[in-house]
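Everything on this sheet refers to the single structure shown next.
Protein chains: 2
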Amino acid sequence: MTYDERLDYLLSEAAKIFADKGFHSTSMRDLSRAAELSLAGIYHYVKSKDELLFHIQRRCFTEVLEGARAAVRAVADPEQRLQVFIGHHVTFFAAHMAEMKVLSHEADSLSGDHLAVVNDLKRQYGELLLEQLQGVAVGDVGSVDPRVATYALFGMLNWIYTWYDPTGPVSPDRLADQFATIYLNGVVAAPSGAQT
Amino acid sequence: MTYDERLDYLLSEAAKIFADKGFHSTSMRDLSRAAELSLAGIYHYVKSKDELLFHIQRRCFTEVLEGARAAVRAVADPEQRLQVFIGHHVTFFAAHMAEMKVLSHEADSLSGDHLAVVNDLKRQYGELLLEQLQGVAVGDVGSVDPRVATYALFGMLNWIYTWYDPTGPVSPDRLADQFATIYLNGVVAAPSGAQT
DNA sequence: TTTTCTACCGAACGAACGTTCGACCGCGAG
DNA sequence: CTCGCGGTCGAACGTTCGTTCGGTAGAAAA
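Residue numbers (numbering that gives the first Met the number 0), protein chains in the order written: chain A, 0 to 195; chain B, 0 to 195.
Given below as structure tokens:
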């Protein structure tokens, strides 16, 4: 096992435990057990517990950001772009539950430079969504603040770590479709007739 | 100051600190400082740190549940009921930010009986929303699972603790309206014409 | 006046925490 | 062969944690 593989393994095991018990309730001893590495051995790969969380968050956020950029680049229609953004987020979330839960739930367990870096990624991701939102008219004649619409969607999307089971009856693809339907057209049946 | 007032004060100060630093990062010494009570004195009012969190969560959840029940009882139209439910949740959230953040963010910091009691309240609250949803047709001809629709709304609503400032430019009432618009009719402008 | 009880506190306890230290081992370079 | 170094470890460090214990002050009850 190379150095990089070992680090990967440590990070992914750590993500699982952080997701399960929370960052602050996880001890370095828990991690050493799960990563099959001595307590002291962990410090050969990371400087501190905080840095470990930082690595997990930055890596995951970078990946989801780049994935989303690539996904929306592939289609032209604004409404479809928004759909694709949602689809990518949900699918990625379902495929990386532990890391994404850590990203969503431990958003302010970091501080200082670490927090600043992650917050900058968050800003970029939010702006990417905002751009997609500008393509579709928001609400009935602009009565909805785009920033509110952004946070509303992220809430819907990120909340899934509290309840969703990717192996349950609702597949990630179907979940994505349903979220897109709700967010784009609402929960109330269209007033009969006209629908895409 | 009576016993009950003292306990209230302790609970509300504790809620603020839990909201600020998280449950596990808050020490009993932090609480004793904020509540102007000695460390040992706290244990005259609660049996443990866990019980303290439990009191905060149960009290807040009971209040929001009863408030929501009263709110939807007051109107008859199904669509308006849903609107009222959303309005109540947002307004209550904005008025009790600390407690509601603790409720949302420390959902599984409890265990055993305490967790079971809070989860039961959560179940009731979810069912109340589900009942409101049954009044309006969900999605275009039932393509959306009501359970998914429920979680989607709760995500939108509860996520506000991560970004919303009730004293900022968007008032709680306006936020509620915008959430209702998005959730009921979607973010895409209606295909021209017909709108309630 | 004496007793009882409620509210409260200082000091301490044992456990668990994140981190560090010094040493050991196997391996490629010299 | 031996030297140095990257990877690993057991043991310990100092600190902080949640909780408990024995006791005090003061008001109410006797």
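Quick reminder that beta carbons are idealized off the backbone N, C-alpha and C, glycines included.
Put simply, the region 62 to 74 of chain A touches the region 112 to 130 of chain A. At least three CB pairs are less than 8 angstroms apart. With respect to chain B, the C-beta atom of A/H23 has a partner C-beta closer than 9 angstroms. Against chain B, a Cβ distance below 9 angstroms from A/S142 picks out D176, Q177 and T180.
The beta carbon of A/V137 sits closer than 7 angstroms to the beta carbons of V143, P145 and A148 from its chain, once the five residues preceding and following it are set aside; these are given in chain order. The Cβ-Cβ distance between A/A73 and A/V83 falls below 9 angstroms. Taking a Cβ-Cβ cut-off of 7 angstroms, the neighbours of A/V147 in chain B comprise V169, L174 and Q177, given in sequence order. In this structure, A/F17 lies near A/I55, with their beta-carbon atoms less than 9 angstroms apart.
Interface flag for B/H43 against chain A is unset, since no Cβ pair is found closer than 9 angstroms.
Beta bridge pairing from DSSP links A/V137 with B/V187. Among the residues facing chain B, A/S108 is included, as its CB has a counterpart in that chain under 9 angstroms away. Near chain A, meaning a CB-to-CB distance below 7 angstroms, no residue of the region 88 to 103 of chain B qualifies.
Within the region 106 to 136 of chain B, contact with chain A at the beta-carbon level (separation under 9 angstroms) is assigned to A106, D107, S108, L132, V135 and A136.
For the options B/G154, B/Y160, B/R173 and B/V169, the alpha carbon positioned closest to that of A/Y182 is the one of B/G154.
Under the three-state reduction of DSSP, A/M0 is assigned to coil, being neither helix nor strand.
The alpha-carbon of A/R32 is positioned some 26 angstroms away from that of B/E105. The beta carbons of A/S108 and A/F22 sit closer together than 9 angstroms.
Those residues of the region 5 to 17 of chain A placed with their C-beta closer than 9 angstroms to a C-beta in chain B do not exist. Annotation: B/T25 to A/D19 spans about 20 angstroms, alpha carbon to alpha carbon. Secondary structure in the region 11 to 84 of chain B: the alpha helix (DSSP H) runs of 4 residues or longer, each lying completely within the stretch, are 27 to 33, 38 to 41 and 48 to 72 in chain order. Contact note: B/L183 reaches chain A through G185, V186 and V187, using a C-beta cutoff of 7 angstroms and chain order. The C-beta of B/Q133 has fewer than 16 other C-beta atoms within 10 Å across all chains shown, which makes the residue exposed. The residues V89, A93, I159 and Y163, in chain order, have a CB closer than 8 angstroms to that of B/L174 in the same chain once the five nearest residues on each side in sequence are set aside.
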